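Heads up: the sequence shown is residues 139 to 398, going by this note's numbering.
Quick notes on the structure that follows.
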Amino acid sequence: MVTPRPFLAALGAALLLAWPAGARAEGQWFEGDAARAWLRSYDPTLIGRRVVSEFSFEDDRGGVTITKITTTVRDSTVIAPGLAVGAQVELPVEWRTAGGDVVSGLADLETRAGIVGRISKTLRWGTALNLKFPTGTDPVLTDPFTMKPLLAVSWDATAALNLGLTPSYEFTPGAPADDAVSKLHLDVPIAVNLADRWSAAATYKPEWDLLTQQVTHKLETGLTVLLGAKRQFALSPSVEVPLSRQTMEWKAIVSLAWYF
Numbered sequence: 139m140v141t142p143r144p145f146l147a148a149l150g151a152a153l154l155l156a157w158p159a160g161a162r163a164e165g166q167w168f169e170g171d172a173a174r175a176w177l178r179s180y181d182p183t184l185i186g187r188r189v190v191s192e193f194s195f196e197d198d199r200g201g202v203t204i205t206k207i208t209t210t211v212r213d214s215t216v217i218a219p220g221l222a223v224g225a226q227v228e229l230p231v232e233w234r235t236a237g238g239d240v241v242s243g244l245a246d247l248e249t250r251a252g253i254v255g256r257i258s259k260t261l262r263w264g265t266a267l268n269l270k271f272p273t274g275t276d277p278v279l280t281d282p283f284t285m286k287p288l289l290a291v292s293w294d295a296t297a298a299l300n301l302g303l304t305p306s307y308e309f310t311p312g313a314p315a316d317d318a319v320s321k322l323h324l325d326v327p328i329a330v331n332l333a334d335r336w337s338a339a340a341t342y343k344p345e346w347d348l349l350t351q352q353v354t355h356k357l358e359t360g361l362t363v364l365l366g367a368k369r370q371f372a373l374s375p376s377v378e379v380p381l382s383r384q385t386m387e388w389k390a391i392v393s394l395a396w397y398f
């Protein structure tokens, strides 16, 4: 069945625009004051309003390269003291090169909706559901429809050190065997505030493919610098490298976020 791509894109935009506006002024309630703005780039339990543009380049084995520009829009609403809900839409444009051939176009649309809460002043939690739709404009850029529920825990060990844990499970509901996906992911980030506007993070990313029984390990390291009078912009370069043999050789990422 052919997915109605324009309809899905329009639906995602409409949902964000229609998101309840009553608490939008409090959308950054989990973000804290400007002194804690450094943590927004690393912590999935901070769900204030933002627009993020990300450029990535991935070099894979066999002469395959993947260049991607992704735009993400996120909104949030406070529903009770210490509790908020959020939603985001992510739309990537991709260029994939293999053997001298280049395929380009829109890749799969991804959405997320979730809820976050605060256990204490320094301990937060979150849970969400990611949906990835096969909306790519070329079969090479399209994967099967997947669902990925996730949990997240974030702890401010000190004013300048944050530790996190985010397990998730990605699967294809009702897909044929050839398209089936069943993977367990784990993100373990450590973020450090280095200076007034500078911070750094390292994230360990193991992944278990439950169908092939293969396990892969990756490490992403990066820096973030806050820009603007109110630190409302964040520029974040990072590099992801494999710690075990896998398809990816290395991946470079640069993102620019606007928090509002």
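The C-beta atom is built at its ideal place from N, Cα and C for all residues, glycine as well.
Predicted, not measured: the structure shown is a model, and the values here were computed from it.
Where does residue 270 land, buried or exposed, given buried means 16+ other C-beta within 10 angstroms?
buried
Along the chain, where does the beta strand (DSSP E) that runs through residue 352 open and close?
352-365
Quick one, are the C-beta atoms of residue 338 and residue 332 less than 7 angstroms apart?
yes
How would you label residue 226, buried or exposed, when you count the other beta carbons within 10 angstroms and need 16 or more for buried?
buried
Going by DSSP, which residues form a beta bridge with residue 296?
299
If you follow the beta strand (DSSP E) that residue 195 is in, where does it begin and where does it stop?
188-198
Nearest-angstrom Cα separation, counted from residue 277 out to residue 178:
35 angstroms
With three or more beta-carbon pairs closer than 8 angstroms as the criterion, would you say the stretch 196-203 touches the stretch 229-239?
yes
Does DSSP put residue 397 in a helix, a strand or coil?
strand
Indicate the three-state DSSP secondary structure (helix, strand or coil) for residue 258 in the structure shown.
coil
Can you check whether the CB of residue 292 is closer than 7 angstroms to the CB of residue 181?
yes
By how many angstroms is the C-alpha of residue 224 removed from the C-alpha of residue 216?
9 angstroms
At which residues does the beta strand (DSSP E) containing residue 212 begin and terminate?
202-218
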